[in-house]
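Numbering (the working numbering), first residue to last: 104 to 230.
Everything below concerns the one structure shown next.
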């Protein structure tokens, strides 16, 4: 291996290490929420909307449950959160005072209860 080739390899390795360290530093001060969304029968619910509200700052983020009912909300500042989960034909479920700590991925399984289906019909009698 030539001196220039060795220098290039070392420089590339240094860049990779620095990028990895910076990425780690960006997530070292945050936590995450993850879990499973289910209905009353225990079946997974895909496409449920998970809203996560920081109770101190009012900052909110949302996520959707995947086809297998799983969700992940990463990069949350440490603190107390209110989690709302909703989907059409289900009642909104609220989980207050959920604490997220630094570097923690807290598991919070969410349940949805079946709601009432309402329909609206507009009749136009001007024919």
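In this text, a Cβ means the ideal position worked out from N, Cα and C, and glycines have one as well.
The model shown is predicted, which means the values in this text are computed figures rather than measured ones.
- Measuring C-alpha to C-alpha distances from residue 182 to each of 203, 166, 214 identifies 203 as the nearest.
- For residue 138, the enclosing beta strand (DSSP E) begins and ends at 134-141.
- With 16 or more other Cβ atoms from the protein chains shown falling within 10 Å of its own Cβ, residue 179 counts as buried.
- Leaving aside the five residues that flank residue 217 on each side, the residues in its chain whose CB is nearer than 8 Å to its CB run, in chain order, 142, 143, 192, 193, 194.
- Cβ neighbours of residue 151 within its own chain (closer than 6 Å, five residues either side excluded): 140, 168, 188, 190.
- Put simply, the backbone Cα of residue 161 is about 12 Å away from that of residue 154.
- Take residue 184, set aside five residues on each side of it, and the residues of its chain with a beta-carbon closer than 7 Å to its own are 155, 156, 157, 158, 201, 203, in chain order.
- Unbroken beta strand (DSSP E) stretches of 3 residues or longer found wholly inside the region 162-193: 163-167, 173-179, 182-189, given in chain order.
- In the DSSP assignment, residue 157 is bridged to 184.
- Cβ neighbours of residue 135 within its own chain (closer than 8 Å, five residues either side excluded): 175, 176, 177, 178, 179, 203, 207, 208, 209.
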